[in-house]
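These notes are about the structure you will find just below.
There are 2 protein chains.
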Amino acid sequence: MDKKPQTTRRDTSLSRERIIDAAIAILDAEGESALTFRTLAQRLSTGAGAIYWHVADKQDLLAAACDAVTAQTLAACAPGAAPEADIRAIASGVFDMMEAHPWAGAALIRAGGQGPLVRILESLGRQVQALGVPDNEQWATVSALLNYILGVAGQNAANMQIARSGGIERAGLLESVAAAWSGLDAARYPFVRSMAGSLRAHDDRADFLAGIDLILRGIRSRA
Amino acid sequence: MDKKPQTTRRDTSLSRERIIDAAIAILDAEGESALTFRTLAQRLSTGAGAIYWHVADKQDLLAAACDAVTAQTLAACAPGAAPEADIRAIASGVFDMMEAHPWAGAALIRAGGQGPLVRILESLGRQVQALGVPDNEQWATVSALLNYILGVAGQNAANMQIARSGGIERAGLLESVAAAWSGLDAARYPFVRSMAGSLRAHDDRADFLAGIDLILRGIRSRA
DNA sequence: ACCTGAACACCGTTCAAGT
DNA sequence: ACCTGAACACCGTTCAAGT
Numbered sequence: 036m037d038k039k040p041q042t043t044r045r046d047t048s049l050s051r052e053r054i055i056d057a058a059i060a061i062l063d064a065e066g067e068s069a070l071t072f073r074t075l076a077q078r079l080s081t082g083a084g085a086i087y088w089h090v091a092d093k094q095d096l097l098a099a100a101c102d103a104v105t106a107q108t109l110a111a112c113a114p115g116a117a118p119e120a121d122i123r124a125i126a127s128g129v130f131d132m133m134e135a136h137p138w139a140g141a142a143l144i145r146a147g148g149q150g151p152l153v154r155i156l157e158s159l160g161r162q163v164q165a166l167g168v169p170d171n172e173q174w175a176t177v178s179a180l181l182n183y184i185l186g187v188a189g190q191n192a193a194n195m196q197i198a199r200s201g202g203i204e205r206a207g208l209l210e211s212v213a214a215a216w217s218g219l220d221a222a223r224y225p226f227v228r229s230m231a232g233s234l235r236a237h238d239d240r241a242d243f244l245a246g247i248d249l250i251l252r253g254i255r256s257r258a
Numbered sequence: 036m037d038k039k040p041q042t043t044r045r046d047t048s049l050s051r052e053r054i055i056d057a058a059i060a061i062l063d064a065e066g067e068s069a070l071t072f073r074t075l076a077q078r079l080s081t082g083a084g085a086i087y088w089h090v091a092d093k094q095d096l097l098a099a100a101c102d103a104v105t106a107q108t109l110a111a112c113a114p115g116a117a118p119e120a121d122i123r124a125i126a127s128g129v130f131d132m133m134e135a136h137p138w139a140g141a142a143l144i145r146a147g148g149q150g151p152l153v154r155i156l157e158s159l160g161r162q163v164q165a166l167g168v169p170d171n172e173q174w175a176t177v178s179a180l181l182n183y184i185l186g187v188a189g190q191n192a193a194n195m196q197i198a199r200s201g202g203i204e205r206a207g208l209l210e211s212v213a214a215a216w217s218g219l220d221a222a223r224y225p226f227v228r229s230m231a232g233s234l235r236a237h238d239d240r241a242d243f244l245a246g247i248d249l250i251l252r253g254i255r256s257r258a
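These protein sequence lines are chains A and B, in that order.
Take 36 as the starting number for the first sequence in this note's numbering and just add one per residue.
Take 36 as the starting number for the second sequence in this note's numbering and just add one per residue.
This is the structure we're talking about:
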């Protein structure tokens, strides 16, 4: 039998999957701005141009990376008994995904009506059907849920990027926004000023799920 | 009295406002990718570096441009009689803003908890208060509305950019997504497949407002 | 078929030098 | 105080040339 060589060496050749995995590793560790065809090629011990054989362009790479983490996330949310609980579980899973992969929120939005979005749409849609929403209201219902989730995803991604580029923690960013809100003109921004305290004390995840529940209540009480 | 010179010439010096106006003009006419410090400087008959005297960096420029169109939009949504109608009017105004300035959706999200977002938050917040939502639920309620609007904004911006880069019209993009959905595996994506027709026939604006109404119903029926 | 890596056509941003 | 514009340090992408 042939012996494997002692020195670790790349016995797998370059493939789309290996490229996407390496991209995810870079994105998770150093953020979206660190993902470069040059650094990616270096990490894979290859030339920058080689990547283009397996991947159309940077947008394709980002969409594929996002699709991979989304598929993994949704696979972990196996449908249970009650549709409402399942919707909460899916939303919750997507929220956790965005915390683990802060770049995924932005990628999710930019991917358009393809790939990762279709997966989420399918998962949510089945539960909306199970909820008994009539055919002609299903689209509006699902897209309300989806757009809410995407909005949170986008905000999360933006905050993460601001925090990273400023070298601040998430908590520090929240505090600085709360401070900015407290300092607003009392005559022009009474409401936002009054919300500074809530912002300081709030729990991202709890607020996110509260929004999902609000929408679920709206679905439940349809005419 | 002194006569104005016949030849049109720049009598106003470079200012932050003039820069932002020029940026908005470029963004509206040619999209986000066309906004470059070089083209902007050329349009203003100045050097590329001069802009940095009035603007911190590109993100600041984009945020300021977004803030300008947002302020204009919200000023046009004067509060009327019923809070629910006002919330619909604000949402509607933001939707129209995104149609007129497709880049504003992405900028809105990236701006974080500052500038334009604060304006929208304030407008929505007052109406939520007027709706009689108790203090400890106001934040969750407003952020549900805001995140939904931001989600639509992000999707819209992404679609516009895909359409522009592909040289397709909005209708053509919709059609191609619908076709892609129809072609999905029937076993794995039954729901999305069944929605292809709804997508083809749908009205962006009506669907958006249907989502707002869904959330309003949820607010109305809180425990 | 797949990989290499130099080269191209850009970017945002800086900064000495001017007025 | 404000403006100039060349220069710097990057990008994504292409493509002749290799295996």
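Positions of the beta carbon are idealized from the N, C-alpha and C atoms, including for glycine.
Since we're looking at a predicted model, the values are computed, not measured.
Simplified DSSP assignment, three categories, for residue i
| i | result |
| --- | --- |
| Val-129/A | helix |
| Ile-254/B | helix |
| Thr-71/B | coil |
| Pro-151/A | helix |
| Ile-203/A | coil |
| Val-104/A | helix |
| Pro-114/A | coil |
| Trp-174/A | helix |
| Leu-219/B | coil |
| Ala-245/B | helix |
| Pro-24/B | Lying outside 36 to 258, the shown extent of chain B, residue 24/B is not represented and no answer is given. |
| Ala-139/A | helix |
| Leu-208/B | helix |
| Gly-189/A | helix |
| Asp-238/B | coil |
| Leu-180/A | helix |
| Ser-80/A | coil |
| Ala-99/B | helix |
| Tyr-87/B | helix |
CB contact below 8 Å: residue i versus chain B
| i | result |
| --- | --- |
| Leu-156/A | yes |
| Thr-81/A | no |
| Ile-197/A | yes |
| Thr-74/A | no |
| Gly-253/A | yes |
| Ala-245/A | yes |
| Tyr-87/A | no |
| Ser-259/A | Since the first residue shown for chain A is 36 and the last is 258, residue 259/A is missing from the structure and cannot be characterised. |
| Thr-71/A | no |
| Gly-207/A | no |
| Ala-193/A | yes |
Residue i at chain A interface by Cβ criterion, 8 Å
| i | result |
| --- | --- |
| Tyr-183/B | yes |
| Gln-5/B | The shown model of chain B, from 36 to 258, leaves out residue 5/B, and the question about it has no answer. |
| Ala-175/B | yes |
| Ala-60/B | no |
| Ser-68/B | no |
| Ser-217/B | no |
| Thr-105/B | no |
| Leu-249/B | yes |
| Val-90/B | no |
| Gly-1/B | Beyond the ends of chain B as shown, which are 36 and 258, falls residue 1/B; an answer cannot be given. |
| Ala-100/B | no |
| Ile-203/B | no |
| Arg-51/B | no |
| Ser-256/B | yes |
| Leu-144/B | Note that residue 144/B corresponds to Ile in the displayed sequence, not to Leu. It does; some Cβ of chain A falls within 8 Å. |
Reference residue i; option with closest CA among the options
| i | options | result |
| --- | --- | --- |
| Ala-99/B | Gly-66/B, Glu-52/B and Arg-255/B | Glu-52/B |
| Ala-214/B | Gly-167/B, Ala-103/B and Ser-229/B | Ser-229/B |
| Ala-111/A | Arg-154/A, Ile-61/A, Arg-73/A and Ala-222/A | Arg-154/A |
| Met-133/B | Gln-164/B, Asn-194/B, Ile-250/B and Gln-77/B | Asn-194/B |
| Ala-221/A | Ala-103/B, Glu-157/B, Ala-76/B and Ala-222/B | Glu-157/B |
| Gln-94/B | Glu-119/A, Arg-205/A, Leu-244/A and Ile-197/A | Ile-197/A |
| Arg-255/B | Pro-118/B, Arg-223/B, Ser-68/B and Phe-130/B | Pro-118/B |
| Leu-159/A | His-89/A, Arg-123/A and Leu-209/A | Arg-123/A |
| Gln-162/A | Val-177/A, Gly-201/A and Gly-148/A | Val-177/A |
| Asp-131/B | Gly-202/B, Gly-253/B and Asn-191/B | Asn-191/B |
| Leu-62/A | Tyr-87/A, Ser-50/A, Leu-96/A and Ala-83/A | Leu-96/A |
| Thr-105/B | Ser-68/B, Gly-82/B, Ile-59/B and Ala-85/B | Ile-59/B |
| Ala-236/A | Ala-175/B, Pro-151/B and Gly-207/B | Ala-175/B |
| Arg-217/A | Ala-206/A, Gly-207/A, Gly-201/A and Leu-234/A | Rather than Arg, the amino acid found at residue 217/A in this sequence is Ser. It is Leu-234/A whose Cα lies nearest to the Cα of Ser-217/A. |
| Gly-232/A | Ala-165/B, Gln-173/B and Leu-166/B | Gln-173/B |
| Ile-144/B | Arg-199/B, Gln-107/B, Ala-188/B and Leu-209/B | Ala-188/B |
| Ala-170/A | Ile-54/B, Val-227/B and Ala-91/B | With the sequence shown as reference, residue 170/A is identified as Asp, and Ala is not the correct amino acid for it. With distances taken between Cα atoms, Asp-170/A lies closest to Val-227/B. |
| Gly-167/B | Leu-251/B, His-89/B and Gly-207/B | Leu-251/B |
Checklist entry - Which residues, taken in chain order from the segment 226-242 of chain A, show a beta carbon closer than 7 Å to some beta carbon of chain B? => result The residues in question are Phe-226, Val-227, Met-230, Ser-233, His-237 and Asp-242.
What are the residues in the segment 146-173 of chain A lying within 9 Å of chain B by C-beta distance?
Residues passing the 9 Å Cβ filter: Ala-146, Gly-147, Gly-148, Gln-149, Leu-152, Val-153, Arg-154, Leu-156, Glu-157, Ser-158, Leu-159, Gly-160, Arg-161, Val-163, Gln-164, Asp-170, Asn-171, Glu-172 and Gln-173.
Q) For the segment 114-137 of chain A, which residues have a CB atom closer than 9 Å to at least one CB atom of chain B, in sequence order? A) Those residues of the segment 114-137 of chain A placed with their C-beta closer than 9 Å to a C-beta in chain B do not exist.
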